[in-house]
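Protein chains in written order, with the working numbering: chain A, 1 to 327; chain B, 1 to 514.
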């Protein structure tokens with residue numbers, strides 16, 4: 001008897017709270033939800049308008065998100081997945097777990113981008129970042145980089161999304177000659193790291209002259225550390241882009257709220273939080289404009305494969321990369 | 001007599017079965033979700049490279065640890081205790097922190113190359129197979145030294161005195177006392193290091209220098225994360241387990257109990273031969289000290305500037321990590337002691353397997369499998385910390401078991417019959433015989449387990465929800481957001497806390513034994 005009373009009591013405490021505030025769960029990568037990422041500002045702004053509880057579920061990096069969604073399938077508690085990039089969206093679409101968004105927002109991207117399931121929230125150009133005080137004559141192409149004796153550190157395309165981005169960059173820029181480019185670069189590569197943070201850490205420690213990162217990386221040092229020594233090398237063949245996207249899961253039980261969140265994602269409140277927390281370009285330029293340093297390195301040409309194309313060339317490009325660097 | 005029931009006689013096999021289930025069930029869960037387990041030529045190349053680097057790493061770590069352990073065992077010098085304690089530190093560094101520490105010494109702009117350039121000599125490169133082995137030796141030689149040193153200290157003083165009165169020189173002492181001890185201890189030490197290097201991931205890729213240095217763990221990572229080919233992941237993890245089982249079998253065939261018999265625990269310094277042997281011991285210590293301390297010093301120096309600028313989340317994360325570490329360490333100690341006591345009389349294959357295989361499991365496959373198993377029952381987030389504890393126990397138990405086993409064997413051989421004849425069993429036996437005699441290795445082992453659990457990122461990344469991050473996860477998040485200085489500071493806190501836990505357990509054990 002006592003147990004029943006206890007249960008009834010607990011239920012009466014728990015139920016009203018559940019009934020009143022709907023919960024929207026957004027599966028995203030770790031650094032989005034950390035206290036120095038966009039998560040806290042986004043949560044506060046959205047909860048002020050939605051009469052709901054916005055919860056972020058952190059799940060490693062971008063690639064981990066996709067693996068997580070595939071593991072959970074339709075049983076996932078998540079309503080929205082935020083943080084996949086365009087090299088992963090073809091695989092994500094193939095899972096048939098995502099619902100079309102049926103929106104056509106105006107975006108400030110250097111390329112045309114439209115995907116029936118995914119909406120972009122930020123983007124960036126991959127670039128080799130260096131220290132101006134140490135490298136005076138930065139290369140202007142992969143060829144010039146390969147011909148130089150500059151040492152670079154890159155990420156492994158098998159475990160990191162920037163690493164995969166570089167693979168697609170070389171492929172998009174050089175096509176059939178990609179294998180030769182990698183062979184020429186082999187003696188410049190100090191090492192290959194499992195993820196972005198290891199590579200960037202090695203670069204800052206002075207292990208390499210340049211690191212594969214983003215054109216916006218120098219802006220971080222400028223704004224957060226008042227350090228203007230970092231620069232990004234602009235390549236004539238153009239720069240490959242990373243577009244980060246979000247999508248609604250088809251199995252969500254908060255479909256309207258999820259749509260509301262996707263709309264909110266492209267509003268000023270969300271977008272203005274992006275540059276100085278995620279250090280990427282916002283998908284819609286905020287009313288207040290971009291922070292200082294974000295206009296410093298703008299490539300003349302943007303490269304991007306469609307997600308299907310990226311998926312189709314990946315295995316062959318990976319084999320080329322492995323063959324060239326294994327010598 | 002035969003019906004004398006000990007509570008441990010049932011607990012140990014049950015525990016062993018549980019452990020094996022914890023290792024094999026997730027693997028099965030992952031394998032069943034995948035379609036087929038076909039491995040390609042790239043996978044086999046990864047297997048070959050993993051085994052090669054692990055064999056080299058284990059061989060160098062173990063062989064180089066012998067002279068260091070011997071020097072520490074038979075010489076007395078200022079700072080000896082500090083050096084022994086410091087031996088616990090490299091082992092508990094998170095891989096990425098250890099790599100950066102090593103690079104500060106051996107990297108392109110590290111102190112070694114700076115010195116070489118000053119001297120007009122060509123710089124050396126750490127990247128490649130040799131760098132991987134160097135890093136693994138840095139991480140594992142201290143642990144090997146500690147384990148071998150335990151063996152040296154366990155030689156009863158009476159045997160040493162007998163050897164002296166028989167006029168044994170260093171050569172005879174080695175043959176009759178040291179060699180049998182090494183024969184008992186070394187296979188277990190080499191096995192643990194071999195397996196831990198086999199599954200090493202971040203160190204191998206970062207220092208390996210390119211796709212030649214592809215390990216099984218990277219292939220698993222790629223299969224799960226980028227290809228969602230769970231069958232291939234399970235296949236690779238299965239191969240890793242088989243290699244480990246084979247290695248365990250070889251080590252088990254090779255090890256022999258030393259059979260010194262009991263002593264009266266008299267505190268007698270080992271004979272310290274003079275002549276060139278003094279120089280030899282001195283060289284071993286002088287060579288190993290900077291090799292271990294310089295990278296640690298760089299971790300300290302890198303971490304200090306960021307300490308003032310740490311995010312608020314570090315504190316609760318540290319609290320969570322400490323709780324996880326203490327609970328894991330307690331459970332691991334109880335479990336490992338139970339298993340080590342059960343196989344003290346003679347080796348039992350079931351227990352040996354259960355206490356070895358968890359080391360060889362792929363963290364990613366284990367986490368993924370547990371996730372698949374738990375998800376239908378409860379939201380995985382709600383179980384993040386209990387699952388972390390469970391995995392920590394499974395992963396640190398093999399170390400503890402290897403540390404305890406030689407000691408429980410000696411205990412059984414020396415005191416088993418006496419205790420039996422006194423009908424000393426159950427709790428009384430534990431209270432009056434086992435705990436007092438094993439205090440030193442138990443303290444050391446509990447310290448290793450606590451430190452390992454503190455630093456383990458393992459599965460938490462897959463399970464952690466909002467506001468559940470442990471300290472290693474916060475370090476990973478900080479490095480992922482450009483905040484390298486704060487990350488270095490958080491890593492310093494992590495290392496300091498791990499080391500403090502290790503030191504407290506280790507010193508506690510030594511005090512209880514004294």
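The C-beta atom is built at its ideal place from N, Cα and C for all residues, glycine as well.
Values in this document were obtained by computation on a predicted structure and should not be read as measured data.
In this structure, how does DSSP classify residue i when only helix, strand and coil are distinguished?
i                      : result
residue 11 of chain B  : helix
residue 191 of chain A : strand
residue 156 of chain A : coil
residue 197 of chain A : helix
residue 279 of chain A : coil
residue 147 of chain B : helix
residue 453 of chain B : helix
residue 19 of chain B  : helix
residue 150 of chain A : coil
residue 230 of chain A : strand
residue 130 of chain B : helix
residue 210 of chain A : strand
residue 29 of chain A  : coil
residue 57 of chain A  : strand
residue 23 of chain A  : strand
residue 61 of chain B  : helix
residue 279 of chain B : helix
residue 516 of chain B : Residue 516 of chain B falls outside the range modelled here, since chain B spans only 1 to 514, and no answer is possible.
residue 239 of chain A : strand
residue 124 of chain A : strand
residue 362 of chain B : coil
residue 113 of chain A : coil
residue 302 of chain A : strand
residue 119 of chain A : strand
Return yes when the Cβ of residue j is within less than 8 Å of the Cβ of residue i, no when it is not.
i                      : j                      : result
residue 147 of chain B : residue 111 of chain B : no
residue 94 of chain B  : residue 142 of chain B : no
residue 22 of chain B  : residue 390 of chain B : yes
residue 35 of chain B  : residue 319 of chain B : no
residue 50 of chain B  : residue 216 of chain B : yes
residue 156 of chain B : residue 260 of chain B : yes
residue 494 of chain B : residue 438 of chain B : no
residue 23 of chain A  : residue 113 of chain A : no
residue 97 of chain A  : residue 32 of chain A  : no
residue 310 of chain A : residue 86 of chain A  : yes
residue 339 of chain A : residue 55 of chain A  : The question about residue 339 of chain A has no answer here: the residues shown for chain A are numbered 1 through 327.
residue 47 of chain B  : residue 135 of chain B : no
residue 160 of chain B : residue 177 of chain B : yes
residue 107 of chain B : residue 207 of chain A : yes
residue 233 of chain A : residue 296 of chain A : no
Can you find the residues in the same chain that come closer than 7 Å, C-beta to C-beta, to residue i, ignoring five residues on each side of it along the sequence?
i                      : result
residue 260 of chain A : 50
residue 236 of chain A : 140, 141
residue 508 of chain B : 443
residue 195 of chain B : 244, 247, 359, 360
residue 483 of chain B : none
residue 487 of chain B : 475, 478, 479
Give me, in chain order, the residues of the same chain whose beta-carbon lies closer than 6 Å to that of residue i; leave out the 5 immediate sequence neighbours on both sides.
i                      : result
residue 140 of chain B : 61, 193
residue 6 of chain A   : Its pLDDT being 47, under 50, residue 6 of chain A is placed unreliably in this model, and the value from its coordinates should be taken loosely. So the list is empty, once near-sequence residues are dropped.
residue 131 of chain B : 207
residue 39 of chain B  : 235
residue 15 of chain A  : Reliability fails at residue 15 of chain A, whose pLDDT of 45 lies under 50, so the model's placement of it is uncertain and the value that follows must be treated cautiously. Once the five neighbours on either side are set aside, residue 15 of chain A has no close Cβ partner at all.
residue 489 of chain B : 303, 306, 307, 310
Within a Cβ cutoff of 8 Å, which residues of the same chain sit near residue i, ignoring the five residues on either side of it in sequence?
i                      : result
residue 13 of chain A  : With a pLDDT of 45 at residue 13 of chain A, under the threshold of 50, the modelled position of that residue is not reliable, and no figure is offered here.
residue 21 of chain A  : 51, 52, 53
residue 351 of chain B : 12, 13, 16, 339, 342, 343
At the 8 Å Cβ level, is residue i part of the contact set with chain E, yes or no?
i                      : result
residue 379 of chain B : Judged by its chain identifiers, the structure shown contains no chain E, and its protein chains are A and B.
Per DSSP, which one or two residues make a beta bridge with residue i?
i                      : result
residue 85 of chain A  : A:244
residue 129 of chain A : A:211, A:232
residue 80 of chain A  : A:26, A:248
Next item on the list: Select from the region 345 to 368 of chain B all residues with a C-beta closer than 8 Å to any C-beta belonging to chain A, and list them in chain order.
Entry: Under the 8 Å Cβ criterion, the region 345 to 368 of chain B contributes 368.
Next item on the list: Taking a Cβ distance cut-off of 8 Å, strictly less, list which residues of the region 92 to 113 of chain B are near chain A, in chain order.
Entry: Residues of the region 92 to 113 of chain B that bring their beta carbon within less than 8 Å of a beta carbon in chain A comprise 96, 99, 100, 103, 104, 107, 108, 109, in sequence order.
Next item on the list: Using a Cβ-Cβ cut-off of less than 7 Å, give me the residues of the region 154 to 171 of chain A that come near chain B, in sequence order.
Entry: Taking 7 Å as the Cβ-Cβ cut-off, the region 154 to 171 of chain A approaches chain B at 156, 158, 159, given in chain order.
Check: Which residues, taken in chain order from the region 211 to 229 of chain B, show a beta carbon closer than 7 Å to some beta carbon of chain A?
Finding: Those would be 211, 212, 218, 221, 222, 224, 225, 226, 228, in chain order.
Next item on the list: Below 8 Å between beta carbons is the criterion; list the residues of the region 261 to 286 of chain A that meet it against any residue of chain B, in chain order.
Entry: If the cut-off is 8 Å between Cβ atoms, the region 261 to 286 of chain A has 279 near chain B.
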